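J.: For the protein sequence lines, the chains are F and G, in the order given.
Per numbering that gives the first Met the number 0, the very first residue in the first sequence carries number 0; after that it's consecutive.
Per numbering that gives the first Met the number 0, the very first residue in the second sequence carries number 0; after that it's consecutive.
Below you'll find the structure I mean.
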Amino acid sequence: MKPTKDLSERTLGWLLLSPVAVLLAIVVLYPVGQLIYSSFFTIRLTEPWLGTPFVGLENYARAWDDERFWGALQNTVLFIVVTVPGSLAVGLGLALLANMPFKRKWPVRLALLLPWALPLVFAGLIFRWFFDYKLGFFNDILMKIGIAPQAWLTDPVLAKIAICFTIIWKSSSFMALVLLAGLQAIPKSLYEAAEVDGASKWLQFKEITIPMLMPAIFVALIFRTITAIQTFDIPYAMTGGGPGDSTETLAMYIHKNTLDFLDFGYGSALATIMFVVSIIATSGYLRYTQRSAGRD
Amino acid sequence: MNIKKLVLAATLASIAAGTAWSQTTLRIFTGGQQRPDVMRKIADEYEKRTPGVKIAVEVGGATSDAQQQYLNTVLTSKDSVLDVVLIDVIRPAQWAAAGWAEPLDAYLGADRQKVLSQYMKAYVDANVVNGKVISLPYFADAQFLYYRKDLLEKYKRSAPKTWDDLMETAQIIMQGEKNQNLRGFETAGAPIEGTVCTYLVPLWGEGSDITKNGKLNLDTPEARAPFQLMGRLKQSGVLSPNVGEIATDRIRINMQAGNLIFAQTWGYVWNRSQNDADSQVKGKIGVAVLPSSKTGKGATCIGGWQLAVSAFSKNKAEAAKFVRYLSSPEVSKMQAIAASHLPVFPSVYKDKEVLAANPWFEFAGPIVETAKARPVTPRYQEVSDTIRSNMNAYLSGTKTTDVALGDMQKRLSPVFK
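Have a look at this one:
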């Protein structure tokens, strides 16, 4: 290959990519840059006479001493640690179920799609009623089997369980869709060969399904982890962060500081921290996918 | 002939365009709970009287918090889309500080004193910030004690004057009725704005307040009283174990279903409980001033909605004229009859037609006159958030009085420094 041709191809490549690059710069790089920049200033719209002085790392120092921030971070981590593996396990189960040779595939697929298609805040509102103390579905069942009704959404431990349950219900279907696509890409001949060799179903699952599904699992995990870090809608609709602040997530606390308290400087610092957490959490996955891409 | 028609059409079109050009459209923002249908009727009336002005009513947000969140995004971006905004009584100080409201003094001119003197004093205090008229009142509101007249009569009890009285009466009736669904008392406990009043009303009833001479005043025995009171009510079963998830409208629903003896809530409940088809308590509801501790000084939380002209409006003069119309005794009367909105003018409470539609205004009026304002500060949202989330945590049993009060002091001391 001649280097000249290579160069022109590279130029053409850049040219073709440039609209996307410009678009990304406008909608991603600029806002992120603006966010980080704002985090070094005092910007309190409730007290405009303070002006917008540069305060260096003061907003970050404030976060360090802010118990509510640490509480929100802790809740966010808890929701990630519980709901990411939780929805992977449930999603995998649903995907395996949907991959079975049903006569009619569409009702199964539709059932899979529905929770995913539902807006997050609707899911939160629906489950708030399910978990309601007086009128709720769950307490109705408890009472029918002779157990005292529980204050699901006003007890800090039960509220966390209720929220995790709802998040897993809501996000499993997305996991299942991604994993189902992965499952269907596995050649049937592999299972047939294993069958001939006398491998048990469990062995087939462990030695064929799981390894072949790994790329799909990682894609699903990356997406799920990012959305888990940003958890907002479901706890917002179900408990509003209560009781007290015991189910408040980082995203909710950022929303509270910016849109309720109009403290954009501090809110920006918190959002920058969340951005860094997202990058760290996903870089592990990204390194894996890069490595596997290199292997191919 | 064709040319003749064409000329005629062109002339007509240009006249139409000309009138459209000289027409001003004012856009007013209101919440879904503040009866936008009645606002529309009033706007129709105004359009009839004021040629050249069209009113567009924009409706958003079912709660005060949801409305303000939307308004925060519109106003921080200095958007001129809204001309007049209906704001909660807790907001004028915030709006004045943020520079979102056009002060109305210049538009009132020589009439300023005369206009202000017509309103109930509490509403003048709420709308005038640092000597400037930030907004004008649209309708009044306050929290009342709603009680089951029929049940109190059956057990020969009178409307309670003190909290102890309320607890005792509730217990007697609950024991007597043996109805599993019947609760003694309900007030807002979810992390919402109304829960601020759940803390403040008993605090005021002790003769104390959040601040004293502008300084935080929570290291007093009185500041513990609201927690202790709610704790006792919950422990005795008078207050439901799920009070931590009770928001404003749930109280109305429970009262209307006949499941409550007492409730602390806003003025709209009376109308709904007497007129809704599914109400189980028609003719069985009494309204009184909220109880206090033994000092016998009942206090209540002021509510109601104010009209502000957006500082970013392009039609401020026309908007101010419209606001003056909306904040007039005439419109107050229309609202009282059509929506049972409590008037902001003492004179309207005495109007025969108004009283015929709302007999309970006779005793509601004096209660509204004594209503107190929640703390006035540009950082009210932080104050509100702190009180409501700590009260909610206490009611849910996750914080003790000491912890809740300590956390409130920690977060509020930078606001009231």
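Even glycine gets a Cβ: it sits at the ideal position worked out from N, Cα and C.
For clarity, every value in this text was computed on a predicted model and none was experimentally measured.
(1) Keeping to the same chain, check which residues put their C-beta closer than 6 Å to that of residue 107/G; ignore five residues upstream and five downstream.
(2) How close, in whole Å, do the beta carbons of residue 326/G and residue 45/G come, if the pair is a contact with beta carbons under 8 Å?
(3) Starting from residue 57/G and walking both ways along the beta strand (DSSP E), at which residues does that stretch end?
(4) Less than 8 Å between the C-beta atoms of residue 123/F and residue 165/F, yes or no?
(5) Got a sec: which bits of the stretch 107-132 of chain F sit with their beta carbon under 8 Å from any beta carbon on chain G, in order along the chain?
(6) Per DSSP, which residues does residue 136/G bridge with? Please list them.
(7) Measure from the alpha carbon of residue 191/G to the alpha carbon of each residue in 97/G, 220/G and 248/G, then state which is nearest.
(8) Contact defined as beta carbons within less than 8 Å: I believe residue 412/G pairs with residue 202/G. What is the distance between those atoms, to the nearest angstrom?
(9) Ends of the alpha helix (DSSP H) at residue 143/G?
(10) Does any residue of chain F bring its CB to less than 8 Å from the CB of residue 210/G?
(11) Does any heavy atom of the ligand FMN sit closer than 7 Å to the C-beta of residue 195/G?
(12) Taking C-alpha atoms, which residue in 389/G, 349/G and 122/G lies nearest to residue 225/G?
(13) Under a CB-based cut-off of 8 Å, is residue 255/G close to chain F?
(14) Name the residues in the stretch 235-250 of chain F whose C-beta lies less than 7 Å from a C-beta of chain G; which are they?
(15) Using only the alpha-carbon positions, how far apart do residue 90/G and residue 121/G sit?
(16) According to DSSP, residue 214/G sits in a beta bridge with which residue or residues?
(17) Using a threshold of 8 Å, state whether the C-beta atoms of residue 234/F and residue 279/F are closer than that.
(18) Quick check for students: name the residue ranges of the alpha helix (DSSP H) that lie wholly in the stretch 223-307 of chain G, counting only runs of 4 or more.
(19) Evaluate contact between the stretch 390-408 of chain G and the stretch 367-379 of chain G, counting only Cβ atoms and requiring at least three cross-stretch pairs below 8 Å.
(20) Tell whether a beta-carbon distance below 8 Å holds between residue 71/F and residue 252/F.
(21) If I measure Cβ to Cβ from residue 310/G and keep anything under 7 Å in the same chain, skipping five residues before and after, which residues do I get?
(22) In its own chain, which residues sit with a C-beta less than 6 Å from the C-beta of residue 364/G, not counting the 5 before and 5 after it?
(23) Taking the alpha carbon of residue 63/F as the reference point, which residue from 284/F, 274/F, 243/F and 265/F has its own alpha carbon closest?
(24) Near residue 288/F, which residues of its chain fall below 7 Å by C-beta distance, leaving aside the five closest residues on each side in sequence?
(25) Is residue 261/F close to chain G? Criterion is C-beta to C-beta, closer than 8 Å.
(26) Hey, is the stretch 312-325 of chain G in contact with the stretch 184-200 of chain G, meaning 3+ C-beta pairs nearer than 8 Å?
(27) Need the endpoints of the alpha helix (DSSP H) that residue 39/G sits in, please.
(28) Counting only Cβ pairs nearer than 7 Å, list the residues of chain F close to residue 381/G.
(29) How many Å lie between residue 95/G and residue 321/G at the Cα?
(30) Within 8 Å of any Cβ in chain C, is that where the Cβ of residue 240/G sits?
(31) Under 8 Å between C-beta atoms, does residue 139/F make it to chain G?
(32) Check the DSSP bridge columns for residue 322/G and list the partner residues they point to.
(33) Along the chain, where does the alpha helix (DSSP H) containing residue 191/F start, and where does it finish?
(34) Quick one: using the 10 Å Cβ neighbour count with 16 as the cut-off for buried, is residue 105/F buried or exposed?
(35) With a 10 Å radius around its C-beta and 16 neighbouring C-beta atoms as the bar for buried, classify residue 93/G as buried or exposed.
(36) Is residue 143/G closer than 8 Å to residue 266/G when the C-beta atoms are compared?
T.: With the structure as the only source:
(1) The sequence position of residue 107/G within the second sequence is 108, counting from 1. So the qualifying residues of the chain are 114.
(2) Counted from its first residue, the second sequence places residue 326/G at position 327. Counted from its first residue, the second sequence places residue 45/G at position 46. Contact between residue 326/G and residue 45/G is ruled out by a C-beta separation of about 12 Å, above the 8 Å threshold.
(3) For this step, residue 57/G is matched to residue 58 along the second sequence. Looking at the DSSP string, the run of the beta strand (DSSP E) that includes residue 57/G is 52-58.
(4) Taking the first sequence and counting its residues from 1, one reaches residue 123/F at position 124. Taking the first sequence and counting its residues from 1, one reaches residue 165/F at position 166. Contact flag set, yes.
(5) For chain G, the residues of the stretch 107-132 of chain F that bring a beta carbon within less than 8 Å of one of its beta carbons are 131 and 132, in chain order.
(6) On the second sequence, position 137 is the one that residue 136/G refers to. According to DSSP, which records beta bridges pairwise, residue 136/G is partnered with 305/G.
(7) Residue mapping note: residue 191/G aligns to position 192 of the second sequence, counting from 1. That would be 248/G, whose Cα lies nearest to the Cα of residue 191/G.
(8) Residue numbering aside, residue 412/G sits at position 413 when the second sequence is read from its first letter. Residue numbering aside, residue 202/G sits at position 203 when the second sequence is read from its first letter. So it is not a contact: roughly 17 Å between Cβ atoms.
(9) Here residue 143/G is taken as the residue at index 144 of the second sequence, counted from 1. Taken as a continuous stretch (DSSP letters only), residue 143/G belongs to no alpha helix (DSSP H), being part of the beta strand (DSSP E) at 143-147.
(10) Within the second sequence, the letter at position 211 stands for residue 210/G. Taking Cβ atoms only, chain F never reaches closer than 8 Å to residue 210/G, which makes this a no.
(11) Absence of the ligand FMN is noted for the structure shown, with no ligands found whatsoever.
(12) As a position in the second sequence, residue 225/G is number 226, starting the count at 1. Considering only alpha carbons, the answer is 389/G.
(13) Residue mapping note: residue 255/G aligns to position 256 of the second sequence, counting from 1. Judged by the 8 Å Cβ criterion, residue 255/G is not in contact with chain F.
(14) 239, 240, 241, 242, 243, 244 and 245
(15) If you number the second sequence from 1, residue 90/G lands on position 91. If you number the second sequence from 1, residue 121/G lands on position 122. Roughly 14 Å separates the two Cα atoms.
(16) Translated into positions along the second sequence, residue 214/G becomes position 215. Per DSSP, 211/G.
(17) Along the first sequence, read from residue 1 onward, the residue named residue 234/F stands at position 235. Along the first sequence, read from residue 1 onward, the residue named residue 279/F stands at position 280. No, the Cβ-Cβ distance between residue 234/F and residue 279/F is not below 8 Å.
(18) Runs of the alpha helix (DSSP H) inside the stretch 223-307 of chain G: 247-255 and 267-274.
(19) Taking 8 Å as the limit for Cβ pairs, the verdict is that the stretch 367-379 of chain G does not touch the stretch 390-408 of chain G.
(20) Position 72 of the first sequence holds residue 71/F. Position 253 of the first sequence holds residue 252/F. A contact, by the Cβ cut-off of 8 Å.
(21) Against the second sequence, residue 310/G aligns to sequence position 311. 98, 99, 100 and 101.
(22) Here residue 364/G refers to the residue found at position 365 when the second sequence is read from its first residue. These residues qualify, in order along the chain: 348.
(23) Here the question's residue 63/F lines up with position 64 in the first sequence. Taking only the C-alpha atoms, the option nearest residue 63/F is 265/F.
(24) Here residue 288/F corresponds to residue number 289 of the first sequence, with the count starting at 1. Cβ within range, chain order: 217.
(25) Locating residue 261/F in the first sequence gives position 262, where the first residue counts as 1. Judged by the 8 Å Cβ criterion, residue 261/F is in contact with chain G.
(26) No, the stretch 312-325 of chain G does not touch the stretch 184-200 of chain G.
(27) Counted from its first residue, the second sequence places residue 39/G at position 40. Its alpha helix (DSSP H) spans residues 35-48.
(28) Locating residue 381/G in the second sequence gives position 382, counting from the first residue. Simply 260.
(29) Reading the second sequence from its first residue, position 96 is the one you call residue 95/G. Reading the second sequence from its first residue, position 322 is the one you call residue 321/G. Approximately 20 Å between the Cα atoms of the pair.
(30) Chain labels in this structure do not include chain C; the protein chains are F and G.
(31) Along the first sequence, read from residue 1 onward, the residue named residue 139/F stands at position 140. Chain G contact via Cβ: absent.
(32) In the second sequence, residue 322/G corresponds to position 323, counting from 1. DSSP output for residue 322/G lists no bridge partner at all.
(33) Counted from its first residue, the first sequence places residue 191/F at position 192. 187-195 is the extent of the alpha helix (DSSP H) around residue 191/F.
(34) The residue given as residue 105/F occupies position 106 in the first sequence. By the neighbour-count rule (16 or more Cβ atoms within 10 Å), residue 105/F is not buried but exposed.
(35) For the purposes of this step, residue 93/G is identified with residue 94 of the second sequence, where counting begins at 1. With 16 or more Cβ atoms within 10 Å of its Cβ, residue 93/G is classed as buried.
(36) One-based indexing of the second sequence puts residue 266/G at position 267. One-based indexing of the second sequence puts residue 143/G at position 144. Yes; because the gap between Cβ atoms is below 8 Å, this pair is in contact.
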